[in-house]
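This report concerns only the one structure given below.
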Amino acid sequence: MVVTARSHAQTCSGADLLLYRGHIITMDRSRSVVSAMAVRDGKVLALGNDASLTRCMTARTQRLDLDGRTVLPGLIDVHTHMMEWVTGLLRGEIDAGYPAVHSISEITQAIAQRAAALPAGTWITGAGWDDAKLPEHRYLTRQDLDPVSPHHPVYFKHASGHLAATNSAALKLANITKDTPDPPGGMIERDAAGQPTGILKDTAMGLVATLLPADPPDLEVRAAKVISEKAAEVGLTTIHDIYISPDQMRAYQEAYRRGWLKVRVQMSPRISNLADAETLAHMGVHTGFGDDMLKLGAAKMFADGGMGARTIAIYPPGVIGEPDNLGVLRWTPADMQKAQLTAAAAGWQLETHAIGDRAIDEVLDSYAAIIEKLHLQDHRFRVVHAGISTPAIQKRLRELNVVVDGNPPFVYWIGSWFTKYGPERVRWAYPAKSYIENGIVEAAGSDVSVTPIRPWWGIWAAVVRQEMQSGQILAPEERITIEQALTLYTRNGAYAGFEESIKGSLEPGKLADFIVIDRDVLSVPADELKDVQVLQTYLGGRKVYGHLSGPNLQ
Ligand SMILES: [Zn+2]
Numbered sequence: 000m001v002v003t004a005r006s007h008a009q010t011c012s013g014a015d016l017l018l019y020r021g022h023i024i025t026m027d028r029s030r031s032v033v034s035a036m037a038v039r040d041g042k043v044l045a046l047g048n049d050a051s052l053t054r055c056m057t058a059r060t061q062r063l064d065l066d067g068r069t070v071l072p073g074l075i076d077v078h079t080h081m082m083e084w085v086t087g088l089l090r091g092e093i094d095a096g097y098p099a100v101h102s103i104s105e106i107t108q109a110i111a112q113r114a115a116a117l118p119a120g121t122w123i124t125g126a127g128w129d130d131a132k133l134p135e136h137r138y139l140t141r142q143d144l145d146p147v148s149p150h151h152p153v154y155f156k157h158a159s160g161h162l163a164a165t166n167s168a169a170l171k172l173a174n175i176t177k178d179t180p181d182p183p184g185g186m187i188e189r190d191a192a193g194q195p196t197g198i199l200k201d202t203a204m205g206l207v208a209t210l211l212p213a214d215p216p217d218l219e220v221r222a223a224k225v226i227s228e229k230a231a232e233v234g235l236t237t238i239h240d241i242y243i244s245p246d247q248m249r250a251y252q253e254a255y256r257r258g259w260l261k262v263r264v265q266m267s268p269r270i271s272n273l274a275d276a277e278t279l280a281h282m283g284v285h286t287g288f289g290d291d292m293l294k295l296g297a298a299k300m301f302a303d304g305g306m307g308a309r310t311i312a313i314y315p316p317g318v319i320g321e322p323d324n325l326g327v328l329r330w331t332p333a334d335m336q337k338a339q340l341t342a343a344a345a346g347w348q349l350e351t352h353a354i355g356d357r358a359i360d361e362v363l364d365s366y367a368a369i370i371e372k373l374h375l376q377d378h379r380f381r382v383v384h385a386g387i388s389t390p391a392i393q394k395r396l397r398e399l400n401v402v403v404d405g406n407p408p409f410v411y412w413i414g415s416w417f418t419k420y421g422p423e424r425v426r427w428a429y430p431a432k433s434y435i436e437n438g439i440v441e442a443a444g445s446d447v448s449v450t451p452i453r454p455w456w457g458i459w460a461a462v463v464r465q466e467m468q469s470g471q472i473l474a475p476e477e478r479i480t481i482e483q484a485l486t487l488y489t490r491n492g493a494y495a496g497f498e499e500s501i502k503g504s505l506e507p508g509k510l511a512d513f514i515v516i517d518r519d520v521l522s523v524p525a526d527e528l529k530d531v532q533v534l535q536t537y538l539g540g541r542k543v544y545g546h547l548s549g550p551n552l553q
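Shown next as structure tokens:
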């Protein structure tokens with residue numbers, strides 16, 4: 000719908016910035032599209048047609064001639080692990096992800112090169128490998144790693160983040176033998192003879208990860224700077240960084256103090272045990288504390304594992320080819336509820352990773368009890384992923400008013416993992432259309448580095464639902480429109496973070512967070528959505544990313 004005139008005659012004066020001759024998709028309630036927008040003091044002052052907004056100008060108003068280009072509200076990614084991803088880049092971890100490597104031998108060659116250059120005993124780390132995208136279609140094992148790194152401990156995280164491959168040197172340092180029991184919520188994979196294969200799943204990763212050398216003290220502060228640059232250049236103006244540590248929160252605060260943040264960040268601290276929940280409860284501040292740039296988000300827990308590690312908690316039948324594998328639950332129901340009640344009673348919004356339907360039910364049981372006990376009205380508790388979201392699960396999500404942090408890009412990037420769970424579960428994997436029809440609010444997350452930071456992958460995948468390797472459309476009935484996909488990344492992202500009064504659409508009084516893109520997303524063929532380029536990103540009316548493109552775009 001094109002709205003040609005929207006009058007804010009009384010309030011429109013003294014604009015700092017005027018955008019005109021544009022195609023401004025406001026994402027307001029009626030999905031208005033306008034040609035001009037005035038900005039003052041970092042906020043949207045008025046929207047309308049070019050003629051109607053000239054009155055907002057003064058001699059000092061900056062003008063941005065959009066020359067027909069499209070503008071959107073800045074996009075919101077409610078589920079990233081940006082700090083973890085970027086610190087890995089800064090540490091020089093080997094990128095073993097698609098499309099950087101194409102086979103296990105390419106990974107082992109990279110490790111051999113690194114080993115040749117480093118003194119014996121030095122750790123070699125890497126991340127991003129995905130058995131589903133390697134032609135061998137199997138996990139890396141210590142038998143792959145030992146010949147190229149007999150004297151260097153190796154720790155290589157899988158793309159899912161839910162398992163890691165280690166070599167014999169690393170297992171030895173961690174004292175992991177065939178007699179080591181699986182830790183609660185984790186698995187030490189073993190071969191037919193009972194020997195560890197080097198694959199550590201979920202909490203078992205910590206047996207080795209805790210031995211990795213400490214980072215230089217400023218690494219995470221430098222990472223926060225890089226994070227905001229990487230987000231701004233792809234059109235994100237708000238990110239939620241999930242399951243972060245106290246040191247990582249300190250780093251964001253320091254980066255903000257230094258003036259390095261270019262996007263707004265919600266920090267979601269981790270609850271990995273009951274003591275963490277107590278610590279958060281005793282802080283005295285909680286979700287929402289901070290300002291428009293940097294604030295505390297939801298408290299995050301894990302209920303189960305990942306599809307890539309085949310550790311999501313499901314009801315029978317088990318994983319295809321592993322009938323006894325019903326996944327892992329990281330918490331007993333009693334402990335989960337205790338931890339969540341402790342945090343929620345202290346004012347924390349809750350978000351809990353749950354992919355399998357059995358895990359989602361455990362979380363919803365806990366949420367239901369807490370909502371009732373604390374008489375919560377507007378809790379916006381979130382289920383992160385909600386990967387296997389059957390009709391029964393959706394009914395509960397709706398009844399409890401629980402928000403889903405969904406992952407539109409998963410269908411494309413890791414849809415091949417879904418298929419290990421059988422066609423019935425693929426049908427209900429990440430069902431965006433059903434959520435809309437059933438009145439469930441879904442916000443969107445890339446889960447960086449599970450999928451890339453570019454939100455355009457997710458916007459495209461939500462519309463087409465094509466899986467990368469087979470080219471198959473997974474659950475085509477769950478495809479949504481481009482406008483609906485944009486809603487997940489704008490309005491719904493704002494809602495998930497209790498920020499719908501200040502962002503998620505371009506409307507008078509809201510933050511002037513917007514992006515200029517290179518094509519009209521409402522009219523291009525769906526396949527082009529993944530190719531959208533961001534020309535400029537504005538935060539609070541100030542340009543934080545952009546290059547010259549065309550004579551009139553300043
Ligand atoms: Zn995640």
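Heads up: the sequence shown runs through residues 0 to 553, numbered per numbering that gives the first Met the number 0.
For every residue, glycine included, the Cβ atom is placed at its ideal position computed from N, Cα and C.
Residue i (DSSP reduced to helix, strand or coil)
i, result
"F417", "helix"
"W555", "Not covered by the structure: residue 555. The range shown for the chain is 0 to 553."
"Y255", "helix"
"Q483", "helix"
"M300", "strand"
"D246", "helix"
"F288", "coil"
"R397", "helix"
"V1", "In this predicted model, V1 has a pLDDT of only 47, less than 50, meaning its place in the structure is not dependable; the value taken from the coordinates is given anyway. Of the three classes helix, strand and coil, the one that applies to V1 here is strand, per DSSP."
"R113", "helix"
"G540", "coil"
"D404", "strand"
"H7", "With a pLDDT of 43 at H7, under the threshold of 50, the modelled position of this residue cannot be trusted; read the value that follows with caution. Looking at H7 - three-state DSSP - the assignment turns out to be coil, as it is neither helix nor strand."
"S201", "Before going further, note that residue 201 is Asp rather than Ser in the sequence given. Looking at D201 - three-state DSSP - the assignment turns out to be strand."
Burial state of residue i (16 or more Cβ within 10 Å)
i, result
"K394", "exposed"
"P454", "buried"
"M204", "buried"
"D129", "buried"
"N166", "buried"
"M282", "exposed"
"H150", "exposed"
"P152", "buried"
"T25", "buried"
"S51", "buried"
"H384", "buried"
"A58", "exposed"
"Q112", "exposed"
"P422", "exposed"
"L211", "exposed"
"E441", "buried"
"E371", "exposed"
Any non-hydrogen atom of ligand 1 closer than 7 Å to residue i Cβ
i, result
"I352", "Sequence inspection shows His at residue 352; the Ile mentioned does not correspond to that position. Under cutoff, so the answer is yes."
"D201", "no"
"D446", "yes"
"H80", "yes"
"I241", "yes"
Residues sharing a beta bridge with residue i, DSSP
i, result
"L46", "M36"
"L18", "M36 and L63"
"E219", "Its beta-bridge partners do not exist; DSSP assigns none."
"E350", "K299 and R381"
"M306", "M306 pairs with nothing; no bridge assigned."
"H239", "Q265"
"H157", "W128"
"Y494", "BP columns for Y494 are empty, so no partner."
"V533", "I516"
"P390", "In DSSP, P390 forms no bridge with anything."
"E499", "DSSP lists no partner for E499."
"R189", "P195"
Cβ separation of residue i and residue j, assumed to be a contact under 8 Å, to the nearest whole Å
i, j, result
"A493", "I75", "6 Å"
"I413", "D356", "That belief does not hold up - the Cβ atoms of I413 and D356 are roughly 18 Å apart, past 8 Å."
"A280", "A333", "Not really, about 18 Å apart at Cβ, beyond 8 Å."
"I238", "M36", "Contact doesn't hold; Cβ gap of about 23 Å is too wide."
"G234", "I501", "Not confirmed; about 18 Å, so no contact."
"Y420", "N406", "Their Cβ separation, rounded to whole angstroms, is 15 Å, which puts Y420 and N406 out of contact at 8 Å."
"Q61", "D15", "7 Å"
"P554", "L63", "Residue numbering for the chain in the displayed model covers 0 to 553; residue 554 lies beyond these limits and cannot be assessed."
CB contact below 8 Å: residue i versus chain D
i, result
"A58", "Chain labels in this structure do not include chain D; a single protein chain is all it has."
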